[in-house]
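Following: one structure in structure tokens, then a few remarks.
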Amino acid sequence: MTDIILRADAVVREFPRGRRLFGPRSPALRAVDGVSLAINRGQTIGIVGESGCGKSTLARMMVGLLEPSAGRLEIDGQSIPALARHDRRSLHRRVQMVFQDPLGSLNPRKTVREILAAPLRALHGMDRTACNKRVAELMDLVSLRADFADRYPHEFSGGQSQRIGIARALAAQAEVIVLDEPVSALDVSVQAQVLILLAELQTRLGLTYIFISHDLAVVETIAHEVAVMNHGQIVEQAPAERIFADPQHEYTRLLLASALRAAPRSSG
Amino acid sequence: MSAPALNATMPARLSYPRDRPSAFARLTQNRMASFGLLLLSLIVVVVVAAPILPLAPPHVANVAQRLRPPLTPGHFLGTDQVGRDILSRLIWGTRLSLAVGVFAALIASLIGSAIGLLAAFRGGWIDTLLMRGIDMLMAFPYLLLALAIVAALGPGLVNAMIAITIVNVPFFARGVRGAALSIVRTDFMAAARLSGLSDARIVFWELLPNVMPGIVIGLSTTIGWMILETAGLSFLGLGAQPPQADLGGMLGEGRNLLQVAPHVATIPGLVILLLAIGINLIGDGLRDVLDPKLKSGGLARTHARTDAVSLEERSKGLPLPGAAARLPLAIRGLRTHFRIGRAIYAAVDGVDMAIAPGESVGIVGESGSGKTVTALSILGLVATPPGRIVGGEILHYGEELASATLSRLQEIRGRRIAYVFQDPQSTLNPLIRIGEQIAESIRRHQGKSAAEAMRLAVALLESVHIPDPEHKANAYPHELSGGQRQRVGIAIALANDPELIIADEPTTALDVTTQAQVLKLLNELRRERGAALLFISHDFGVIAAVCDRVHVMYGGRVVESGPVAEVLERPRHPYTQRLLACVPELGRRGRQVTPIPGLPPSTDALPPGCAFAPRCHRAAPRCSIGEITLDAVESDHYARCIRVNDA
Ligand SMILES: Nc1ncnc2c1ncn2[C@@H]1O[C@H](COP(=O)(O)OP(=O)(O)O)[C@@H](O)[C@H]1O
Ligand code: SF4
Ligand SMILES: [Mg+2]
Chain A
51 MTDIILRADA
61 VVREFPRGRR
71 LFGPRSPALR
81 AVDGVSLAIN
91 RGQTIGIVGE
101 SGCGKSTLAR
111 MMVGLLEPSA
121 GRLEIDGQSI
131 PALARHDRRS
141 LHRRVQMVFQ
151 DPLGSLNPRK
161 TVREILAAPL
171 RALHGMDRTA
181 CNKRVAELMD
191 LVSLRADFAD
201 RYPHEFSGGQ
211 SQRIGIARAL
221 AAQAEVIVLD
231 EPVSALDVSV
241 QAQVLILLAE
251 LQTRLGLTYI
261 FISHDLAVVE
271 TIAHEVAVMN
281 HGQIVEQAPA
291 ERIFADPQHE
301 YTRLLLASAL
311 RAAPRSSG
Chain B
18 MSAPALNATM
28 PARLSYPRDR
38 PSAFARLTQN
48 RMASFGLLLL
58 SLIVVVVVAA
68 PILPLAPPHV
78 ANVAQRLRPP
88 LTPGHFLGTD
98 QVGRDILSRL
108 IWGTRLSLAV
118 GVFAALIASL
128 IGSAIGLLAA
138 FRGGWIDTLL
148 MRGIDMLMAF
158 PYLLLALAIV
168 AALGPGLVNA
178 MIAITIVNVP
188 FFARGVRGAA
198 LSIVRTDFMA
208 AARLSGLSDA
218 RIVFWELLPN
228 VMPGIVIGLS
238 TTIGWMILET
248 AGLSFLGLGA
258 QPPQADLGGM
268 LGEGRNLLQV
278 APHVATIPGL
288 VILLLAIGIN
298 LIGDGLRDVL
308 DPKLKSGGLA
318 RTHARTDAVS
328 LEERSKGLPL
338 PGAAARLPLA
348 IRGLRTHFRI
358 GRAIYAAVDG
368 VDMAIAPGES
378 VGIVGESGSG
388 KTVTALSILG
398 LVATPPGRIV
408 GGEILHYGEE
418 LASATLSRLQ
428 EIRGRRIAYV
438 FQDPQSTLNP
448 LIRIGEQIAE
458 SIRRHQGKSA
468 AEAMRLAVAL
478 LESVHIPDPE
488 HKANAYPHEL
498 SGGQRQRVGI
508 AIALANDPEL
518 IIADEPTTAL
528 DVTTQAQVLK
538 LLNELRRERG
548 AALLFISHDF
558 GVIAAVCDRV
568 HVMYGGRVVE
578 SGPVAEVLER
588 PRHPYTQRLL
598 ACVPELGRRG
608 RQVTPIPGLP
618 PSTDALPPGC
628 AFAPRCHRAA
638 PRCSIGEITL
648 DAVESDHYAR
658 CIRVNDA
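Okay, here's the thing in structure tokens:
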């Protein structure tokens, strides 16, 4: 029995390339080139690939920040681009995003309370008292002290900032969260804290994650299913326990061969 | 480990004072700005009070009293050519000039900012259209445009004000668009959309507060100009019309009397000058307060090398170097501190490290643990102020580098000890072809001919596996990929066959496949050329791939060191053990990562005893007392922990 919450069908996104004043227009750049995916409710799909392979473009299309040039992208059977155009709020109550740069995704001139209250008010129409109560709950959910709510982003470390970013996504009560390299900017000890937090939240709240990363080991830890992207295409997709144990595609093998291990164990 | 348990151990960063002085308080700390503020406040108080001051009527002529000099009884500043009281006209005129200038500046900044915000936020054809319009306005010489507008509208103060406003709009539109563009692309703007905020709210609540400082700075620096410009138009007879006069008009009227009655022109001239000075001083001060990067004096100058206290003081208590004096690098008890305000950050606090010829030694640790400062201290590259070497020795074949002369250091830099940094962009000159950059380093240090140096440069590019090196030598840095640029960085480091290469996170910015290639290359070259390597990384995998020995740093100290395989497979220090448990391992999906609770300490407030104690699962009371030394746990394997041998 599968319950598909998000589906991509031959999704393409092109970007116009820099045009010369004279001379022919160069062909558009295909950042995402025919991606098809089906994502199960309550699961984590990992998307791995190197910089420029189209991971972030795909992520931005999934949350309606970018429109696909072609193909279908659906959440719960409804078209994401159509929702983004006509009913943005309903889209963002279903799908949210956590960004790579923890600090860059928080407005430096807003307190944590203002940042977290924005989706509560705009998406759920909460009043001030309800907001304050919920902000405290959210802070607790991501293990931040409630009295940090009136501080500004620069007063937090990278790991704490990323918790605030996660709390903001939770504030929208979205079931699907797209995480674009959420731990890449963090030190390993903090990365581990955030990975554990994400796993706990998933169990508690039944969230669906689309977890994007260039780090195979991190993706393997957190994902149920892994898709490998190269040049805008998904070259291989398989359950996490299989994909790196038995890679089928040449590019997956190359990634695997390039990954470094802390301790080259014979049993590894 | 449950998440809520982290709660107690996650203190906010203490390094940020909660009660920062307000912008106004900081402005008044600037002496010049305070002076400007005082000057302007005085003028403003006087002109605002004009209606209630016992002044003669400004427009009533009295030809019998014409051209009285200053200090005439009843006419403190004298009278003009038709006998009007100059003091009264001056105060009313200043009032008019100031009002017109401020009003015009406000309107110009409002319209300009609206255009800039709209263009940046909407982008696309709206942006193109608006900015083309602005470009067209800017294509005209500034004052000529103002004159043309007044000529078209007819003379008069209101029309002059409109003209001055229009010519200043492009200035604001451009500036605001530029500032807003960089913000429109940030993640927090995307996040605001995802939070369900409407476009208007995003522009006014998220975008505007971030460009506001820029607008205020722009405003404060243009008001002065705009007063001068309006005065200019009035001076030419295009602004205020008689009998009304602003400062420019008074100046214009006095112009013909300069020989007979100079005071009629000089007094308004002087007031214009004072106004301009006052406003610009405040503007400069505001800029310093709101935009520290633009500080008028530039950033505080740093010295050409890191300051160090005397060798005698630094080497107090150190044993004789012995065999260390024959190594390419021996760091002994190095302490590099930063003094910021009243706080002292012990970024590096007693680091020992020795590198044998041809050996590859790693430093691993979390950000802020002092890896980079250690590396930069070696050749005096830590910025002074605020950095200073306050203890220990740095020996290069027995020569103490922290006390070497600057010219000697420059000889060593790049010739005998070379650096490769994380961001090759920062070391490569974007305007010079890469072949020339390598050749230039060879010429400088080895005195080879230009042709010979270029030949060697091409050979080096080949040895770092740049495809088609002869052709690529003519490329500029931006024409290469990130991986290729890093190879060029390595080629430059290798150019003069150094004895030691210091590489600080050289592959952190690269993709995994590129990283694997660059590391392989570094390993090959090191074997071929026999150079020693000091390799810094936060990534255990990378360290395992290139190093023979490794030092684990925490809070400015080495907490464990030994052969790489030993340390990574049988870590003895609790920190190393916990840190390794945080690293997800490929092919071991069943194994959960185990986070370390809490955060690394700030080096200005290290706990006594073991710096790791607040986070250590094995901590005992005696861990927080006294100095804990780095002791051998096996031959060549050291740990800074008193409980390594406890069961
Ligand atoms: N220019 C500087 N001014 C003030 N403090 C600095 C400066 N450079 C580094 N530090 C401080 O020194 C400590 C160690 O930094 P660093 O050596 O860069 O760590 P790592 O390389 O291990 O990440 C940090 O606490 C950092 O804030
Ligand atoms: S000295 Fe004590 S606190 Fe420090 S690492 Fe060892 S056991 Fe832990
Ligand atoms: Mg560093």
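Chains as they are written, first to last, in our numbering: chain A, 51 to 318; chain B, 18 to 664. For glycine and all other residues, C-beta sits at the position ideal for the given N, C-alpha and C. Note that the coordinates shown come from a computational prediction; the quantities given were computed from them, not determined experimentally.
- Scanning its chain for C-beta atoms nearer than 7 angstroms, with the 5 sequence neighbours on each side dropped, one finds around B/Met471 the residues Gly452 and Ala456, in chain order.
- Taken in chain order, the unbroken stretches of alpha helix (DSSP H) that lie wholly in the region 257-311 of chain B and span 4 residues or more are 264-272 and 280-307.
- Taking CB atoms only, A/Gln287 has no neighbour in chain B less than 9 angstroms away.
- Collapsing the DSSP output to three states places B/Leu351 in a strand.
- Annotation for B/Tyr592 indicates a beta carbon within 8 angstroms of some heavy atom of ligand 2.
- Within a 10 Å sphere around the beta-carbon of B/Gly91 sit fewer than 16 other beta-carbons, which makes this residue exposed.
- In this structure, the CA atom of A/Ala219 is about 35 angstroms from the CA atom of B/Pro591.
- In the three-state reduction of the DSSP assignment, A/Met176 falls in the coil class.
- One alpha carbon belongs to B/Met178, the other to B/Phe157, and they sit about 18 angstroms apart.
- In the structure shown, A/Thr161 adopts coil according to DSSP, grouped into three states.
- Look at B/Val575: its beta carbon is at least 8 angstroms from all of the heavy atoms in ligand 2.
- Taking a 10 Å sphere around the C-beta of A/Glu270, we find 16 or more other C-beta atoms and assign the residue as buried.
- Contact between the region 291-306 of chain B and the region 367-387 of chain B is absent: fewer than three C-beta pairs spanning the two stretches fall below 8 angstroms.
- Out of B/Thr89, B/Arg106, B/Asp152 and B/Val535, the CA that lies nearest to the CA of B/Val77 is found in B/Arg106.
- At a cut-off of 9 angstroms between C-beta atoms, B/Asp565 does not count as an interface residue with respect to chain A.
- Of the residues A/Pro66, A/Glu64, A/Phe65 and A/Ser86, the one whose Cα lies closest to the Cα of A/Glu286 is A/Ser86.
- In terms of Cβ geometry, B/Ala636 and B/Ala628 do not form a close pair [threshold 9 angstroms].
- In summary, B/Asn491 is exposed, with fewer than 16 beta-carbon neighbours lying within 10 Å of its beta-carbon over all protein chains present.
- When 9 angstroms is used as the limit between beta carbons, A/His142 is near these residues of chain B: Arg210, Leu211, Ser212 and Gly213, in chain order.
- Proximity to ligand 2 was defined by a C-beta distance below 5 angstroms to any of its heavy atoms, and the residues meeting it, in sequence along the chain, are B/Pro591, B/Cys627, B/Phe629, B/Ala630, B/Cys633, B/Arg635, B/Ala636, B/Cys640, B/Cys658, B/Ile659 and B/Arg660.
- Look at B/Arg635: its C-beta is not under 9 angstroms from any C-beta on chain A.
- For B/Gly604, the chain A residues whose C-beta falls within less than 8 angstroms of its own C-beta are Glu270, Phe294, Ala295 and Gly318, listed in chain order.
- Taking CB atoms only, A/Phe149 has a neighbour in chain B less than 9 angstroms away.
- Non-local C-beta neighbours of A/Leu194 in its own chain, meaning closer than 6 angstroms and more than five positions away in sequence, comprise Arg213, ordered along the chain.
- Check the Cα spacing between B/Asp440 and each of B/Asp521, B/Ser384 and B/Asn540: the tightest is with B/Asp521.
- Counting only Cβ-Cβ distances below 8 angstroms, A/Leu305 has contacts in chain B at Val529 and Thr530, in chain order.
- A/Ser155 reaches chain B at Thr203, Asp204, Phe205, Ala207 and Ala208, counting residues in chain order whose Cβ is nearer than 9 angstroms.
- Here B/Val220 is near B/Phe138, since their CB atoms are less than 9 angstroms apart.
- The beta-carbon of B/Asn227 is placed less than 9 angstroms from the nearest beta-carbon of chain A.
- Residue environment for A/Leu247: buried (at least 16 other C-beta atoms within 10 angstroms of its C-beta).
- Within the region 559-583 of chain B, the residues whose Cβ lies closer than 7 angstroms to any Cβ of chain A are, in chain order, Val559, Ala561 and Ala562.
- A/Leu108 is outside the set of residues whose beta carbon lies under 9 angstroms from a beta carbon in chain B.
- Here the region 167-177 of chain B makes contact with the region 247-258 of chain B; the two share three or more CB pairs at distances below 8 angstroms.
- Within the region 260-294 of chain A, the complete alpha helix (DSSP H) segments at least 4 residues long are 266-272 and 290-293, listed from N- to C-terminus.
- Contact annotation: the region 80-94 of chain A touches the region 273-284 of chain A, with at least three C-beta pairs closer than 8 angstroms.
- Sixteen is the threshold: since fewer than 16 other Cβ atoms of the shown chains lie within 10 Å of the Cβ of B/Asp514, the residue is exposed.
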